[in-house]
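*Asks:*
There are 2 protein chains.
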Amino acid sequence: MSKPPLPKLEDVARLAGVSTATVSRCLNQPNQVVEATRKRVQKAVDELGYMPNFNARSLAAKRSKIIGAVIPTMENAIFARALQVFQERLSEEDFDLLVASSSYKADAEEKQIRSLVSRGVDGLLLIGTKRDPKIYEFLQEREIPFVIAWSFYDQLPASNYGQMVGFDNKKAMASIVQHVIDNGHRKVFMLAGIADNNDRALSRIEGFKSVIKENGLEDPAIIQCEYDIDKARKAFAAMRQTHGTPTALICANDVLAVGAVLEAQAQGLNVPEDISITGFDDIEIASIISPPLTTVHVPHGKLGLHSANTLLANINDDPAIADLELETHIVERQSLAVLKS
Amino acid sequence: MSKPPLPKLEDVARLAGVSTATVSRCLNQPNQVVEATRKRVQKAVDELGYMPNFNARSLAAKRSKIIGAVIPTMENAIFARALQVFQERLSEEDFDLLVASSSYKADAEEKQIRSLVSRGVDGLLLIGTKRDPKIYEFLQEREIPFVIAWSFYDQLPASNYGQMVGFDNKKAMASIVQHVIDNGHRKVFMLAGIADNNDRALSRIEGFKSVIKENGLEDPAIIQCEYDIDKARKAFAAMRQTHGTPTALICANDVLAVGAVLEAQAQGLNVPEDISITGFDDIEIASIISPPLTTVHVPHGKLGLHSANTLLANINDDPAIADLELETHIVERQSLAVLKS
DNA sequence: GTCGTCAATGTAAGCGCTTACATTTGCTTT
DNA sequence: AAAGCAAATGTAAGCGCTTACATTGACGAC
Chain A
1404 MSKPPLPKLE DVARLAGVST ATVSRCLNQP NQVVEATRKR VQKAVDELGY
1454 MPNFNARSLA AKRSKIIGAV IPTMENAIFA RALQVFQERL SEEDFDLLVA
1504 SSSYKADAEE KQIRSLVSRG VDGLLLIGTK RDPKIYEFLQ EREIPFVIAW
1554 SFYDQLPASN YGQMVGFDNK KAMASIVQHV IDNGHRKVFM LAGIADNNDR
1604 ALSRIEGFKS VIKENGLEDP AIIQCEYDID KARKAFAAMR QTHGTPTALI
1654 CANDVLAVGA VLEAQAQGLN VPEDISITGF DDIEIASIIS PPLTTVHVPH
1704 GKLGLHSANT LLANINDDPA IADLELETHI VERQSLAVLK S
Chain W
1404 MSKPPLPKLE DVARLAGVST ATVSRCLNQP NQVVEATRKR VQKAVDELGY
1454 MPNFNARSLA AKRSKIIGAV IPTMENAIFA RALQVFQERL SEEDFDLLVA
1504 SSSYKADAEE KQIRSLVSRG VDGLLLIGTK RDPKIYEFLQ EREIPFVIAW
1554 SFYDQLPASN YGQMVGFDNK KAMASIVQHV IDNGHRKVFM LAGIADNNDR
1604 ALSRIEGFKS VIKENGLEDP AIIQCEYDID KARKAFAAMR QTHGTPTALI
1654 CANDVLAVGA VLEAQAQGLN VPEDISITGF DDIEIASIIS PPLTTVHVPH
1704 GKLGLHSANT LLANINDDPA IADLELETHI VERQSLAVLK S
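First to last, the protein sequences are chains A and W. In this note's numbering, each residue carries its 1-based index in the first sequence increased by 1403. In this note's numbering, each residue carries its 1-based index in the second sequence increased by 1403.
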């Protein structure tokens, strides 16, 4: 029943005939210890199968080598690739990743953040900027480095503290909407994400609206929908009933676009002949569905990598890392038709 | 620069006019404390914005409220849903999840496991059974509860210690292969996963082979390939060149099947008219690709949920939880043709 | 040979909690 | 009202590390 007592640093010290301080140094700043001693200690470590207790270490050293990440969801692939790269990079620096998912709920996110901070994370990865200002204050007070990924604005709202690694959602969406219009479409609707507590969804809607307005098109239908294929199908069906069928449907992300394509096809519409549908994100399914989606490519890997680097630099007090704006671009595939007018 | 001293338990105790022990009890076993005191303490906690230091707690209490999970990959959707459910369930019990991914590499997995144990995880989620027996000994010695998910055998090889929550990969694969044969196919090949260090991939190959043999079919081509769409495309192309085109291709998972479908179509083959292709897992892309895949449905959500429950029960020393074998079933969609003979 | 210097190592005080054990408090009993 | 007892609370010893500071010793300068 009772656990066999695990070897502790003291045991190693005794066996190697040195003090605990020296063993600790061997493990953490090996260059401060002369080679002969280091070898002796290493031998003792191997012999005992010693493994440090990270909780004790974190407590004493006030750093945990853990990075926390709160992402909206792990279920669809939107954040998967970035998270994978993020964690690989951290792993290289011997940091572990504590992930939590908020299911796009603000209160859940706050709870998760607090819990991660209680765990003593050395840094935090957050998605998007929109959250209770109290959270930023809290983080600032605790001096926890954090990076906001996926969004980029000229200034981080409600805080001058964290860093951003993202892209301009509004501009990116604007570019694809303009592209659609350039292809001759005049009746274009939008299947948007839920904009509450989600600045990216909001920015994409703004990008859409601004271009519609610039081009003098009439007020288009915009429906908000959770990022879920089935819900997107239903939303699209409902939209058609209420507002009719557009020649082009702009979707706030690929998941929504896939839902729309599937539903359109189920209703006997040909994509893109009868209706053009565009996505956003360029996740895997975008190129798998038939027709493959014309969409906005988001540099998932780079987002993950640079977020990690920025965070690491901050943690190590490296010279100031600036916010980073990444570029997106349109990927033309086959879900967008040219309309002859 | 220096962090403002965070309130500690002692500060709360002082403000509330009680001992630290009482505060600790309020936080951990509130029913052992009389209501009046509890309220007073709560007020002090709120007033100071106190948050417990989990590292100190873990050190003192020898439990961390952290569960570790080492999964082969976060990138494709194979484990995403299960992991999401797993973490949601843990979250209900105030456990956090420390995830690591091994990229299907045995040594990386071992390193991750050791790191998680160093962090003092209260339990571990592992995928599949195949790993160095030393790891099982190690876990057993440390008395760390763990569950093996995704595989199910009558007995957990190399250990009588952990629990299994999985399904019979061999049987599941056998059933779909038999189904394909029942549809009239005689020349059926397999695009398999890499079987080294992956008992699930191996079992699926065995399931395939056994049915081929039972039905007296000639020796089929079997090619192993990483779970990656592009690699699958290349593998399929190579297979065709070397072994010709089967009437049906059994794939070890949906990712491989999608790659095969895409490549087949790129080569001018119609699926399923010219070649039938089946998947395994029933992840999202299986129903999105055209034609949607006939595949083996794996209960991802249940795997995650029951893994969590089993682990929690073990951690709480609840009455013995038995290993759990879940059922899979074939989902018929449109990638499998009936061959008239 | 003595002293100063600096690198290597040792000593010991915590880090912020939990919990076994001791003590006090508030009831019920008689 | 005293005794007895359980429930509530307090006391204080760690949990296994890190690190500021103290000590040691080797070596070169004089």
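Here a beta-carbon is modelled for each residue, glycine too, at the ideal position from N, C-alpha and C.
How would you call A:Ser1422, buried or exposed, if buried means at least 16 neighbouring beta carbons within 10 angstroms?
*Replies:* Classification for A:Ser1422: exposed.
*Asks:* With a threshold of 9 Å between beta-carbons, can A:Gln1490 be considered close to chain W, or not?
*Replies:* Yes, contact with chain W.
*Asks:* Between the alpha carbons of W:Gln1644 and W:Gln1670, how many angstroms are there, rounded?
*Replies:* Rounded to whole angstroms, W:Gln1644 to W:Gln1670 spans 12 Å at the Cα level.
*Asks:* Per DSSP, what are the beta-bridge partners of A:Val1664 in this structure?
*Replies:* According to DSSP, A:Val1664 bridges with nothing at all.
*Asks:* Check the Cβ-Cβ distances between W:Ile1680 and every residue of chain A, and say whether any is below 9 Å.
*Replies:* So no, W:Ile1680 is outside the interface.
*Asks:* Does the pairing of the stretch 1647-1665 of chain W with the stretch 1592-1611 of chain W give three or more beta-carbon distances under 8 Å?
*Replies:* Yes, they touch.
*Asks:* Along the chain, which unbroken stretches of the alpha helix (DSSP H) at least 4 residues long are found entirely within the stretch 1528-1557 of chain A?
*Replies:* If we require 4 residues or more, the alpha helix (DSSP H) runs fully inside the stretch 1528-1557 of chain A come out as 1536-1544.
*Asks:* Helix, strand or coil for W:Ser1405, going by three-state DSSP, please let me know.
*Replies:* Low confidence applies here, because W:Ser1405 scores a pLDDT of 41, under 50, leaving its location unreliable and the question unanswered by this model.
*Asks:* Is there at least one Cβ from chain W nearer than 9 Å to A:Glu1478's Cβ?
*Replies:* It does; some Cβ of chain W falls within 9 Å.
*Asks:* Strictly by DSSP, which residues pair up with A:Ile1469?
*Replies:* Beta-bridge pairing links A:Ile1469 to A:Asp1499.
*Asks:* Any chance the CB of A:Thr1440 is under 8 Å from a heavy atom of the ligand FMN?
*Replies:* This structure does not include the ligand FMN; it has no bound ligands of any sort.
*Asks:* Buried or exposed: A:Asp1499, going by 16 or more other Cβ atoms within 10 Å of its Cβ?
*Replies:* With 16 or more Cβ atoms within 10 Å of its Cβ, A:Asp1499 is classed as buried.
*Asks:* Answer yes or no: does any C-beta atom of chain A fall closer than 9 Å to that of W:Ser1606?
*Replies:* So, not an interface residue.
*Asks:* Could you list the residues in the stretch 1600-1627 of chain W with a C-beta less than 8 Å from some C-beta on chain A, going in chain order?
*Replies:* Correct list: empty, as no residue qualifies.
*Asks:* Using only alpha-carbon positions, find the residue among W:Ala1689, W:Leu1462, W:Leu1527, W:Val1664 that is nearest to W:Asp1677.
*Replies:* Checked all of W:Ala1689, W:Leu1462, W:Leu1527, W:Val1664; the closest Cα to W:Asp1677 is W:Val1664.
*Asks:* May I have the straight-line CA-CA distance separating W:Phe1457 from W:Asp1497, to the nearest angstrom?
*Replies:* For W:Phe1457 and W:Asp1497, the distance between alpha carbons rounds to 12 Å.
*Asks:* Going along the chain, which unbroken runs of the beta strand (DSSP E) with 3 or more residues stay wholly within the stretch 1706-1742 of chain W?
*Replies:* Here the runs fully enclosed are 1732-1734.
*Asks:* Please list, in chain order, the chain W residues whose beta carbon lies closer than 8 Å to that of A:Gly1523.
*Replies:* Within chain W, the residues near A:Gly1523 are Asn1456, Phe1457, Asn1458.
*Asks:* Answer yes or no: do W:Thr1650 and W:Leu1527 have a C-beta to C-beta separation smaller than 9 Å?
*Replies:* Their beta carbons are not under 9 Å apart, which means W:Thr1650 does not touch W:Leu1527 by this criterion.
*Asks:* Thinking C-beta only, is A:Asp1557 closer than 9 Å to A:Ile1718?
*Replies:* Their beta carbons are not under 9 Å apart, which means A:Ile1718 does not touch A:Asp1557 by this criterion.
*Asks:* Can A:Arg1484 and A:His1703 be called in contact, C-beta distance under 9 Å?
*Replies:* Going by C-beta atoms, A:Arg1484 is nearer than 9 Å to A:His1703.
*Asks:* Helix, strand or coil, according to DSSP, for W:Arg1525 in the structure here?
*Replies:* Residue 1525 of chain W is actually Asp in this sequence, not Arg. Of the three classes helix, strand and coil, the one that applies to W:Asp1525 here is coil, per DSSP.
*Asks:* Taking beta-carbon pairs under 8 Å, can you tell me which members of the stretch 1667-1695 of chain W lie near chain A?
*Replies:* The stretch 1667-1695 of chain W vs chain A, Cβ under 8 Å: Glu1687, Ile1688, Ile1691, Ile1692, Ser1693.
*Asks:* Could you tell me the distance, in whole angstroms, from the CA atom of W:Leu1706 to the CA atom of W:Val1568?
*Replies:* So the two alpha carbons sit approximately 7 Å from each other.
*Asks:* Strictly below 9 Å CB to CB, what residues from chain A border W:Leu1501?
*Replies:* Chain A residues near W:Leu1501: Ile1469, Asp1499, Leu1500, Leu1501, Val1502.
*Asks:* Would the beta-carbon of W:Leu1529 fall within 9 Å of that of W:Ala1552?
*Replies:* Cβ distance < 9 Å, so W:Leu1529 and W:Ala1552 count as in contact.
*Asks:* Taking C-beta pairs closer than 7 Å, name the residues in chain A that W:Ser1518 reaches, listed in chain order.
*Replies:* Those are Asp1499, listed as they occur along chain A.
*Asks:* Please work out which residues of its chain come closer than 7 Å, Cβ to Cβ, to A:Ala1745, disregarding the five sequence neighbours upstream and downstream, and give them in chain order.
*Replies:* Outside the shown range of chain A, which is 1404 to 1744, sits residue 1745 of chain A, and nothing can be said about it.
*Asks:* Quick one: Cα of A:Ala1464 to Cα of A:Val1580, how far?
*Replies:* If I take the Cα positions, the gap works out to 52 Å.
*Asks:* My output table needs one value for A:Leu1620: the three-state DSSP class, helix, strand or coil.
*Replies:* If DSSP states are grouped into helix, strand and coil, A:Leu1620 belongs with coil.
*Asks:* Measure the C-alpha to C-alpha separation of W:Leu1462 and W:Ser1521 and round it to an integer number of angstroms.
*Replies:* Answer to the nearest angstrom: the Cα atoms are 12 Å apart.
*Asks:* Cβ of W:Ser1494 less than 9 Å from any chain A Cβ?
*Replies:* Interface residue, yes.
*Asks:* Expressed to the nearest angstrom, what Euclidean distance is found between the alpha-carbon atoms of A:Gln1445 and W:Cys1628?
*Replies:* If you take the alpha carbons of A:Gln1445 and W:Cys1628, they lie about 40 Å apart.
*Asks:* Tell me which same chain residues have a C-beta within less than 6 Å of the C-beta of W:Ala1667, skipping the five on either side of it?
*Replies:* Closer than 6 Å at Cβ, skipping near neighbours: Val1674, Ile1678.
*Asks:* Can you give me the Cβ contacts of A:Gln1515 inside the same chain, cut-off strictly under 7 Å, excluding the 5 residues immediately before and after it?
*Replies:* Excluding positions up to five away in sequence, the list reads Val1473, Ala1503, Ser1505.
*Asks:* According to the Cβ coordinates, are W:Leu1696 and W:Thr1713 closer than 9 Å?
*Replies:* Contact: no.
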